[in-house]
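Asker: Could you have a look at this structure, given as structure tokens, before my questions?
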Amino acid sequence: MNYTTEIMDIYKETSPEENVLIPDDISVKDDRKYKLTARNINAFYGDLHALKDINMNFPQNSVTAFIGPSGCGKSTFLRLFNRMNDYIEGFRLEGEIILDDVDIYNEKIVIEQLRKDVGMVFQKPNPFPKTIFENVAYGLRIQGENNKSFLQDKVENALKQVALWDEVKDDLKKNALSLSGGQQQRVCIARALAVEPKIILMDEPTSALDPISTSRIENLIFELREDYTIIIVTHNLQQAGRISDFTAFFYLGDLIEMGRTHDIFTNPKNKRTENYITGRFG
Amino acid sequence: MNKVLINRRKDLIFSVAGLIATFVGLVMLVIFIGDILIDGLGRISWDFITGLPSRNPDKAGIFTAMAGSVWVLFLTTLISFPIGVAAGIYLEEYGKKGRISKILEINISNLAGVPSIIYGLLGLEIFARLFNLGPSLLTGSMTLALLILPIIIVATRESIKAVPSSIKDASYALGASKWQTMWHQVLPASMGGILTGVILALSRAVGEAAPLIVVGALAYVPFAPKSPMDDFSVLPIQIFNWISRPQQGFIINAAAAIIVLLVLTFLMNGIAIYLRNHWQKKIKW
Ligand SMILES: Nc1ncnc2c1ncn2[C@@H]1O[C@H](COP(=O)(O)OP(=O)(O)OP(=O)(O)O)[C@@H](O)[C@H]1O
Ligand SMILES: [Mg+2]
């Protein structure tokens, strides 16, 4: 089922780039250095140059936060990793995104397969108008999985991972839309986890939630790092500070600065980053 | 007088004008329905509904015309529902958004406004003559299906468009294909709107006489049709036929038949409204 094994003939050698922005001393659990790499990315919406010459590496089992003022291209960049921009009219991409040594924009890539490896959580909780169970089971069902006890196991597992199991285990048949916003968002995360992705993309996953739900999801992201590589867009700088290992600051389509979150927040090298972090603009 | 008072007066004048306009419409409808009820209600009986046509107005019934209408409804649904919904899905989700689709789109909207008698001529020429189907139920139903296709296509597109893109995104992001997303998410969520559109379109079809007269539906059919290839009549044609008779008895029959037809269309509209509310309640974003 793994799309990477299907296309071994396009196997690529990853070499450390000169303009890699992450320091070399990162301890990576995997023997591979980087899970995900973006190389020389330029993206356009028609004439609008939305991302300019961006290079970035994502170590396995790390959390990377994208920050920056509205419209700077964070979502555009994030959506490159599961090819959600593909169907936007007028969108054009130059450069490579490499996941486990394979360029995901290679023409042999089956997008549906890719998205099983790269899950996504959206800004506004968007559960399907179905039961909680069917929401979480959806990704498996569309892969053709219909074994009841198998699905039940997976759903229970995923709901336990997002710490929702105890709250909903007796109401799995309830419509997911009847849950609170925070619960809905956790269903959406569980739904993404159920297909066992390697990467999880999150676009402002807590911006529509109350502080308590937000902190639960932050804790969750912290725990998920053990098993997944996570990229999160956030407008909440404290949140970036709390949960991420690396932070990337974007401004008008440029990647201004990237580094360890601690360094970015305490000792930014670029003036713009400093201004943004200290709240002088943005 | 200051500005505020002038504006208030304008408000008042407008609401009175609006009220009168509403009343004119309602009053006309009430007068019309009242008149029909007075004329026809007394004539409605089990015998009238199950009676075969007859030269004698007191013995004549609407059974063959009713049976024809039910057949036509059934066949028209069978033909127009799958084609209309498929075309709507294609235009909304699959068709490349280019000049050709623009032209198609405008023409489909235009088709909804073409007089129904033109569809009758088309049906006569193509289905009755070219396909050699004659003045049969099938010819009539295919003609009416053409007539309501644009309505169904437009209703389907509108309902699909109303499904939030966040739901589609969520489905795609989980690795669903376009077809899976349509089948598992978009269609269930828009089925209420689609069904409402289809039923409203059908309630228009069931009231049509002109195109069916053109394709050769008969005013007098001795027996209820038994197969799609049989000759047929429908309620509106029966009504039209009776009204043009000189005898008072047939005029009363026509009024009674109108009541039956009205009940049928109100019933269909009621189902449409019920479906809409039912599905709306189930799905709240
Ligand atoms: N579908 C689209 N079509 C055309 N232009 C787009 C589209 N989506 C985004 N853009 C433009 O691309 C630029 C980057 O947008 P993007 O959504 O990536 O910003 P963002 O950093 O996520 O902003 P926010 O913080 O407000 O979510 C903006 O100028 C935006 O107007
Ligand atoms: Mg965004």
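Just so you know, the protein sequences line up as chains A and B, in that order.
Going by the working numbering, the first sequence opens with residue 1, and the numbers climb by one from there.
Going by the working numbering, the second sequence opens with residue 1001, and the numbers climb by one from there.
By construction, the Cβ of each residue, glycine as well, lies at the ideal position given by its N, Cα and C atoms.
Contact defined as beta carbons within less than 8 angstroms: I believe Gln-185/A pairs with Pro-211/A. What is the distance between those atoms, to the nearest angstrom?
Answerer: Your numbering for residue 185/A matches position 185 in the first sequence. Your numbering for residue 211/A matches position 211 in the first sequence. Their Cβ separation, rounded to whole angstroms, is 14 angstroms, which puts Gln-185/A and Pro-211/A out of contact at 8 angstroms.
Asker: Starting from the N-terminal side, write out each stretch of the alpha helix (DSSP H) that is 4 residues or longer and does not extend beyond the region 222-264 of chain A.
Answerer: Listed in chain order, the complete alpha helix (DSSP H) runs (minimum 4 residues) inside the region 222-264 of chain A are 237-243.
Asker: Could you confirm whether any beta carbon from chain A is found closer than 7 angstroms to the beta carbon of Gly-1175/B?
Answerer: What you label residue 1175/B is simply residue 175 of the second sequence in a count that begins at 1. Judged by the 7 angstroms Cβ criterion, Gly-1175/B is in contact with chain A.
Asker: Between the C-alpha atoms of Ala-1255/B and Trp-1046/B, what's the straight-line distance to the nearest angstrom?
Answerer: As a position in the second sequence, residue 1255/B is number 255, starting the count at 1. As a position in the second sequence, residue 1046/B is number 46, starting the count at 1. For Ala-1255/B and Trp-1046/B, the distance between alpha carbons rounds to 16 angstroms.
Asker: Can you check which of these residues, Ile-1213/B, Pro-1246/B, Asp-1231/B and Leu-1275/B, is closest to Leu-1195/B by C-alpha distance?
Answerer: If you number the second sequence from 1, residue 1195/B lands on position 195. Nearest of Ile-1213/B, Pro-1246/B, Asp-1231/B and Leu-1275/B to Leu-1195/B, Cα basis: Leu-1275/B.
Asker: Within 10 angstroms of the Cβ of Pro-23/A, are there 16 or more other Cβ atoms? Answer buried if so, exposed if not.
Answerer: Your numbering for residue 23/A matches position 23 in the first sequence. Residue confidence is low: Pro-23/A scores 43 on pLDDT, short of 50, so the model does not pin down where it sits. Its coordinate-derived value is still stated next. Pro-23/A comes out exposed.
Asker: Does the region 1234-1243 of chain B come within contact of the region 1067-1084 of chain B, defined as at least 3 CB pairs closer than 8 angstroms?
Answerer: In short, these stretches touch, since the Cβ pair count reaches three.
Asker: Is Lys-1168/B near ligand 1, with its Cβ less than 6 angstroms from a heavy atom?
Answerer: Here the question's residue 1168/B lines up with position 168 in the second sequence. No.
Asker: Return the CA-CA distance between Trp-1242/B and Glu-1208/B, expressed in angstroms with no decimal places.
Answerer: The residue labelled residue 1242/B in the question sits at position 242 within the second sequence. The residue labelled residue 1208/B in the question sits at position 208 within the second sequence. Using only the alpha carbons, I get a separation of about 16 angstroms.
Asker: List, in chain order, every chain A residue whose beta-carbon is nearer than 7 angstroms to that of Ile-1167/B.
Answerer: Taking the first residue of the second sequence as position 1, residue 1167/B is located at position 167. Going along chain A in sequence order, the residues near Ile-1167/B (Cβ under 7 angstroms) are Asn-126 and Phe-128.
Asker: For Glu-91/A versus Tyr-138/A, is the C-beta spacing smaller than 7 angstroms?
Answerer: Numbered from 1 along the first sequence, position 91 holds the residue referred to as residue 91/A. Numbered from 1 along the first sequence, position 138 holds the residue referred to as residue 138/A. It should be noted that the sequence gives Phe, not Glu, for residue 91/A. Not closer than 7 angstroms, so no.
Asker: Quick one: measure Cβ to Cβ for Lys-52/A and Asn-42/A, integer angstroms, because I've assumed they're closer than 8 angstroms.
Answerer: The residue you call residue 52/A lines up with position 52 of the first sequence. The residue you call residue 42/A lines up with position 42 of the first sequence. About 6 angstroms; that satisfies the 8 angstroms criterion.
Asker: Does any CB atom of chain A fall closer than 7 angstroms to the CB of Ala-1162/B?
Answerer: Counting from one through the second sequence, the residue named residue 1162/B turns up at place 162. Cβ-Cβ to chain A under 7 angstroms: no for Ala-1162/B.
Asker: Taking 6 angstroms as the cut-off, is the CB of Ile-88/A close to at least one heavy atom of ligand 1?
Answerer: Mapped onto the first sequence, residue 88/A falls at position 88. Yes.
Asker: Are there any heavy atoms of ligand 1 lying less than 6 angstroms away from the beta-carbon of Gly-279/A, as far as the coordinates show?
Answerer: By 1-based counting over the first sequence, the position of residue 279/A is 279. Checking every heavy atom of ligand 1 against the Cβ of Gly-279/A, none is found closer than 6 angstroms.
Asker: Distance, Cα to Cα, Asp-1011/B vs Ile-1108/B?
Answerer: Translated into the one-based positions of the second sequence, residue 1011/B becomes position 11. Translated into the one-based positions of the second sequence, residue 1108/B becomes position 108. Between Asp-1011/B and Ile-1108/B, the C-alpha separation is close to 39 angstroms.
Asker: Would a check of beta-carbon distances place Gln-1180/B closer than 7 angstroms to chain A?
Answerer: Position 180 of the second sequence, counting from 1, holds the residue named residue 1180/B. Interface residue, yes.
Asker: Given Met-1268/B, which residues of its chain have a CB within under 6 angstroms of its CB, disregarding the five upstream and five downstream residues?
Answerer: One-based indexing of the second sequence puts residue 1268/B at position 268. Ile-1199 and Ser-1203, listed in sequence order.
Asker: Comparing the C-beta of Leu-21/A with each C-beta of chain B, is any distance below 7 angstroms?
Answerer: Working through the first sequence from its first residue, we reach residue 21/A at position 21. Unreliable placement is indicated for Leu-21/A, whose pLDDT of 46 sits below 50; the coordinate value is still reported in the next sentence. By this cut-off, Leu-21/A is not an interface position.
Asker: Pick helix, strand or coil for Ile-1044/B, following the three-state DSSP scheme.
Answerer: The residue given as residue 1044/B occupies position 44 in the second sequence. In this structure, Ile-1044/B counts as coil in the three-state DSSP scheme.
Asker: Report the partner residues of Asp-1169/B according to the DSSP bridge assignment.
Answerer: To locate residue 1169/B, count along the second sequence from 1; it is residue 169. Partner(s): none; Asp-1169/B has no beta bridge.
Asker: Report the neighbours of Gln-1185/B on chain A: residues whose CB is nearer than 7 angstroms to its CB, in chain order.
Answerer: If you number the second sequence from 1, residue 1185/B lands on position 185. Those within 7 angstroms of Gln-1185/B in chain A are Phe-128.
Asker: Identify the continuous beta strand (DSSP E) that holds Leu-51/A and give its terminal residues.
Answerer: Residue numbering aside, residue 51/A sits at position 51 when the first sequence is read from its first letter. Element bounds for Leu-51/A: 48-58.
Asker: With 7 angstroms set as the bound, which would you pick, yes or no: does the beta-carbon of Ala-1254/B sit closer than that to a beta-carbon of chain A?
Answerer: Indexing the second sequence from 1 puts residue 1254/B at position 254. By this cut-off, Ala-1254/B is not an interface position.
Asker: In three-state terms, what does DSSP make of Gly-119/A?
Answerer: Translated into the one-based positions of the first sequence, residue 119/A becomes position 119. Looking at Gly-119/A - three-state DSSP - the assignment turns out to be strand.
Asker: Using alpha carbons as the reference points, say which of Trp-1279/B, Ala-1112/B and Lys-1096/B lies closest to Glu-89/A.
Answerer: The count along the first sequence starts at 1 and reaches residue 89/A at position 89. Considering only alpha carbons, the answer is Lys-1096/B.
Asker: Can you determine whether any heavy atom of ligand 3 sits closer than 6 angstroms to the C-beta of Ser-244/A, and answer yes or no?
Answerer: No copy of ligand 3 appears in this structure; the ligands present are ligand 1 and ligand 2.
Asker: Mind checking the region 65-88 of chain A against chain B and listing, in chain order, the residues whose C-beta falls within less than 8 angstroms of any C-beta there?
Answerer: Residues passing the 8 angstroms Cβ filter: Asn-82 and Met-84.
Asker: Going by DSSP, what residues sit across from Ser-1054/B in a beta bridge?
Answerer: For this step, residue 1054/B is matched to residue 54 along the second sequence. Bridge partners of Ser-1054/B: none, in fact.
Asker: When the Cα atoms are used, what is the spatial distance from Leu-1052/B to Glu-1093/B?
Answerer: Numbered from its first residue, the second sequence carries residue 1052/B at position 52. Numbered from its first residue, the second sequence carries residue 1093/B at position 93. Whole-angstrom Cα-Cα distance: 49 angstroms.
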